[in-house]
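Following: one structure in structure tokens, then a few remarks.
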Amino acid sequence: MELPYECGSGTCGTCKARLISGDIADGWPDAPGRKHLKAPDEFLMCQCVAKSDVVIEVAAFVHTMEAGTCTPAFLDGHIKSVKALTSDVAFLEVELRKPLEFDAGQFVLIKVPGVPGFRGWSMVNYQRHCNTLEFVVKKKPGGGISEWLFGGDREGIEVEVFGPLGRATFYPSLARNILCIAGGSGIAGMMSILARAAHDGYFTQYNGDVFFGVRSMKDAFFLKEFTSLREQCGKKLNVTVALSEEEAPASSVADYPQLAFEKGFVHEVAGRHMQSRYQNVRAYLAGPPPAVDASIRMLLQAKMTTDNIRYDKFN
Ligand SMILES: Cc1cc2nc3c(=O)[nH]c(=O)nc-3n(C[C@H](O)[C@H](O)[C@H](O)COP(=O)(O)OP(=O)(O)OC[C@H]3O[C@@H](n4cnc5c(N)ncnc54)[C@H](O)[C@@H]3O)c2cc1C
Ligand code: FES
């Protein structure tokens, strides 16, 4: 069943449910998302396991999973490499012991030794049976995994992985124009979507508009990768880097002639470009919650319907 969830890591409260009958065990009674619970019979589904048959009530319509949906499982792996992309963003590769089947745009939860709890990271790459998962990890000051990952040589260390998760997925059978609005590391899942679309020649028929928001040029990354994608896919794929704190330096504009640069918050820049271009569009949004919320508001004002807005809030 498609039960409601968003973060899968005990933070957002979206998976709140009421236990009508049966027994459950709570794996993380201190999960921060428990602040969303109001009554003693409420629990976070993503942190609990059923110990018997259970009857539960959730605050959303429940649908049967579509045939072919990748179902999550626990996997083991180790850190293969960690490379700096900017001063506070790293490119991380995790090598799995068994391949993972996932869809473009999905994420997994990862647990590292000595840090309590799992954290969600979206895959950057796309392959149906994948042994090496690629991620973009933003360093959060004071964050458990951030301090651990950026604080020493972690290559070779064993990690636990649970996934794949997430509904911000792309299939070439979608047959719609694609709009991607990403704040910072939110670009991770979009790269996976673009990789799949490019592989299938999707942009010969449909438009792709990608808006990548960062504060300044020193926070931007993947510009070479975007250039290659543009060369591979042609003019129906447009990539705009939105800089919230500065105009792009002339040298960067000259270095990346295939890309556009604009000053402004990413949702504002996207809104300016997309005016009256929302027909037959599926939007993918990801990044910090304020950036995603602002983009959702902008798309709803433009009369996009919620079934065509897929997002991951990086809580
Ligand atoms: C679906 C999904 C996909 C995601 N994909 C990505 C991705 O591709 N790349 C990426 O970089 N991130 C991604 N994220 C976000 C990432 O999972 C979180 O940022 C994660 O919390 C970072 O882990 P951490 O251990 O570094 O920080 P955490 O330990 O989780 O802390 C996060 C921040 O909260 C603060 N904090 C912690 N505890 C408290 C407290 N009790 N009170 C106040 N503040 C506190 C910390 O100081 C820190 O600044 C994703 C999140 C979701 C839900
Ligand atoms: S999905 Fe369970 S708390 Fe977010």
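Using the working numbering, the first residue of the sequence shown is number 38, and each one after it goes up by one.
Don't be surprised by glycine CBs; every beta carbon is placed ideally from N, CA and C.
If residue i sits next to residue j, beta carbons under 8 Å apart, how far is it from one beta carbon to the other, in whole angstroms?
{"i": "residue 168", "j": "residue 112", "result": "Actually they are not in contact, since the Cβ atoms of residue 168 and residue 112 sit about 10 Å apart, beyond 8 Å."}
{"i": "residue 187", "j": "residue 127", "result": "7 Å"}
{"i": "residue 144", "j": "residue 199", "result": "The Cβ separation is near 10 Å, so there is no contact."}
{"i": "residue 324", "j": "residue 180", "result": "Not quite, the Cβ-Cβ distance comes to about 16 Å (not below 8 Å), so this is no contact."}
{"i": "residue 308", "j": "residue 341", "result": "That belief does not hold up - the Cβ atoms of residue 308 and residue 341 are roughly 11 Å apart, past 8 Å."}
Does the beta carbon of residue i fall short of 7 Å from some heavy atom of ligand 2?
{"i": "residue 51", "result": "yes"}
{"i": "residue 94", "result": "no"}
{"i": "residue 348", "result": "no"}
{"i": "residue 45", "result": "yes"}
{"i": "residue 83", "result": "yes"}
{"i": "residue 154", "result": "no"}
{"i": "residue 157", "result": "no"}
{"i": "residue 200", "result": "no"}
{"i": "residue 70", "result": "yes"}
{"i": "residue 241", "result": "no"}
Would residue i be called buried (16 or more neighbouring beta carbons within 10 Å of its own) or exposed?
{"i": "residue 261", "result": "exposed"}
{"i": "residue 195", "result": "exposed"}
{"i": "residue 53", "result": "buried"}
{"i": "residue 317", "result": "exposed"}
{"i": "residue 304", "result": "buried"}
{"i": "residue 102", "result": "exposed"}
{"i": "residue 306", "result": "buried"}
{"i": "residue 124", "result": "exposed"}
Looking at C-alpha atoms only, which residue of the options is the closest neighbour of residue i?
{"i": "residue 207", "options": "49, 58, 348, 48", "result": "348"}
{"i": "residue 230", "options": "114, 338, 319", "result": "319"}
{"i": "residue 252", "options": "232, 278, 263, 274", "result": "278"}
{"i": "residue 131", "options": "176, 122, 124, 147", "result": "147"}
{"i": "residue 268", "options": "255, 284, 248, 236", "result": "236"}
{"i": "residue 55", "options": "45, 67, 78, 98", "result": "78"}
{"i": "residue 250", "options": "64, 93, 282, 80", "result": "282"}
{"i": "residue 10", "options": "201, 123, 218, 120", "result": "Only positions 38 to 352 of the chain appear in this structure, which leaves residue 10 out of reach."}
{"i": "residue 174", "options": "152, 308, 226", "result": "226"}
Ligand 1 heavy atoms versus the CB of residue i: any closer than 7 Å?
{"i": "residue 225", "result": "yes"}
{"i": "residue 272", "result": "no"}
{"i": "residue 230", "result": "no"}
{"i": "residue 162", "result": "no"}
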